[in-house]
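A quick write-up on the structure given underneath.
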Amino acid sequence: MRSTRRSTFIIALFTLLAIALATSGCGQTATTQSAVPTQPPATVPSAATQAPQASAKLPDMGGKSITVAVENAYPPFNQIDKNTNKGVGWDYDTVTEICKRLNCSADFKQAAWDGIFPAMQAGEYDMLADGVTITVSRTKIVDFSMPYVTIGQVLLTRADETRTVDEFKADSKALIGTQLGTTNELVAKENFPTERIKSYEDFPGAVQALIAGDVDAVVIDNVTASGFMSENPGKLKIQGQLTSDEQLGFVFPKGSELKGLINSALESMKADGTLDQLNKKWGLSQ
Numbered sequence: 009m010r011s012t013r014r015s016t017f018i019i020a021l022f023t024l025l026a027i028a029l030a031t032s033g034c035g036q037t038a039t040t041q042s043a044v045p046t047q048p049p050a051t052v053p054s055a056a057t058q059a060p061q062a063s064a065k066l067p068d069m070g071g072k073s074i075t076v077a078v079e080n081a082y083p084p085f086n087q088i089d090k091n092t093n094k095g096v097g098w099d100y101d102t103v104t105e106i107c108k109r110l111n112c113s114a115d116f117k118q119a120a121w122d123g124i125f126p127a128m129q130a131g132e133y134d135m136l137a138d139g140v141t142i143t144v145s146r147t148k149i150v151d152f153s154m155p156y157v158t159i160g161q162v163l164l165t166r167a168d169e170t171r172t173v174d175e176f177k178a179d180s181k182a183l184i185g186t187q188l189g190t191t192n193e194l195v196a197k198e199n200f201p202t203e204r205i206k207s208y209e210d211f212p213g214a215v216q217a218l219i220a221g222d223v224d225a226v227v228i229d230n231v232t233a234s235g236f237m238s239e240n241p242g243k244l245k246i247q248g249q250l251t252s253d254e255q256l257g258f259v260f261p262k263g264s265e266l267k268g269l270i271n272s273a274l275e276s277m278k279a280d281g282t283l284d285q286l287n288k289k290w291g292l293s294q
């Protein structure tokens, strides 16, 4: 009987141990499973939370200098201040702000409009800032940035002019000035007979010819017309609109990596309102 009771006791003891172990194992599993959903998700940022930070960070050009071609004869985009003899205008302010954001420096180089596109195509400059209209034909030889403003072509006349745009078109004696090799010249030829058009090397020459009475009107974009009106108070006025849908952009040699960098800076300036402020400051927009 002692042996039997002992055996029974041992069997009972092992049974209790087995039950205790099984119960303990089930409880641990349940505890582990319930803890998974309570792990704080913020310990590893998701792609969604990382994206805004990545897009907000602009490229760093490491202080690199870029050569920027300007005409210095196209207000309000660029011109020489008579008091300081330094270049001023929308192009100067905007490119300087772009370089501030990208950590680069702008080396502005004065260049004549005639031949500027072959020069850009050959890579003589890193970038052209001169209020350039984006056209299909030009995109075949150079690259453009995203548009920074939309403009229109107007007829600039002397302040005492009474003829309307239609009357100018009908007047066989009316002479029309513009700048050689520009979209303004193309618009002039679309609206007036070629024999009545006088193309000048730059717009200051065309505007001075207008003031002097050598031509009766000048085909020019509305923004630049306002710039020349400010420079010659009381002498000029905008007589009428010819077009209203031209987009302007910066110009680069084909395949230039700088295009993407400049676009990223322009996007950030557009997003935070800086581009709009500069456009209003220089009369590109109201």
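All you need for my numbering is the position in the sequence shown, starting with 1, plus 8.
Idealized CB from N, CA, C, for every residue including glycine.
Cβ separation of residue i and residue j, assumed to be a contact under 8 Å, to the nearest whole Å
| i | j | result |
| --- | --- | --- |
| residue 148 | residue 112 | Residue 148 to residue 112, Cβ: 28 Å. No contact. |
| residue 167 | residue 242 | 6 Å |
| residue 259 | residue 150 | 5 Å |
| residue 212 | residue 77 | Their Cβ separation, rounded to whole angstroms, is 17 Å, which puts residue 212 and residue 77 out of contact at 8 Å. |
| residue 176 | residue 146 | 28 Å between Cβ atoms; not a contact. |
| residue 66 | residue 272 | 6 Å |
| residue 79 | residue 210 | 7 Å |
| residue 189 | residue 134 | Not really, about 22 Å apart at Cβ, beyond 8 Å. |
Residue interval of the beta strand (DSSP E) (run including residue i)
| i | result |
| --- | --- |
| residue 207 | 205-208 |
| residue 3 | Since the first and last residues shown for the chain are 9 and 294, residue 3 lies out of range. |
| residue 73 | 72-78 |
| residue 211 | Here residue 211 belongs to no beta strand (DSSP E); instead the alpha helix (DSSP H) covers 211-220. |
| residue 166 | 161-166 |
| residue 247 | 244-249 |
| residue 240 | Taken as a continuous stretch (DSSP letters only), residue 240 belongs to no beta strand (DSSP E), as it is neither H nor E. |
| residue 152 | 150-152 |
Euclidean distance between Cα positions of residue i and residue j
| i | j | result |
| --- | --- | --- |
| residue 54 | residue 75 | Residue confidence for residue 54 is low, a pLDDT of 31 falling below 50, so the modelled location carries little weight; the figure read from the coordinates is stated next. Their backbone Cα atoms lie some 41 Å apart in a straight line. |
| residue 227 | residue 183 | 11 Å |
| residue 194 | residue 255 | 15 Å |
| residue 281 | residue 270 | 16 Å |
| residue 102 | residue 154 | 14 Å |
| residue 289 | residue 245 | 20 Å |
| residue 179 | residue 115 | 46 Å |
| residue 215 | residue 93 | 21 Å |
Beta-carbon gap between residue i and residue j smaller than 8 Å
| i | j | result |
| --- | --- | --- |
| residue 86 | residue 97 | yes |
| residue 186 | residue 207 | yes |
| residue 152 | residue 268 | no |
| residue 156 | residue 283 | yes |
| residue 84 | residue 235 | yes |
| residue 169 | residue 247 | yes |
| residue 165 | residue 225 | yes |
| residue 95 | residue 106 | no |
| residue 240 | residue 219 | yes |
Endpoints, alpha helix (DSSP H) assigned at residue i
| i | result |
| --- | --- |
| residue 129 | 124-129 |
| residue 225 | From DSSP, residue 225 is part of no alpha helix (DSSP H) but of the beta strand (DSSP E) over 225-229. |
| residue 136 | No alpha helix (DSSP H) holds residue 136; the beta strand (DSSP E) holding it covers 135-141. |
| residue 117 | No alpha helix (DSSP H) holds residue 117; the beta strand (DSSP E) holding it covers 112-118. |
| residue 199 | 191-199 |
Checklist entry - Three or more beta-carbon pairs under 8 Å between the stretch 200-209 and the stretch 128-135, yes or no? => result With fewer than three CB-CB distances shorter than 8 Å, the stretch 200-209 does not count as touching the stretch 128-135.
Checklist entry - With contact counted as at least three CB pairs below 8 Å, one residue from each stretch, are the stretch 103-111 and the stretch 138-156 in contact? => result Contact between the stretch 103-111 and the stretch 138-156 is absent, with fewer than three C-beta pairs closer than 8 Å.
Checklist entry - When the Cβ atoms of the stretch 155-163 are set against those of the stretch 246-263, are three or more pairs found closer than 8 Å? => result Three or more Cβ pairs closer than 8 Å define a contact, and the stretch 155-163 meets that threshold against the stretch 246-263.
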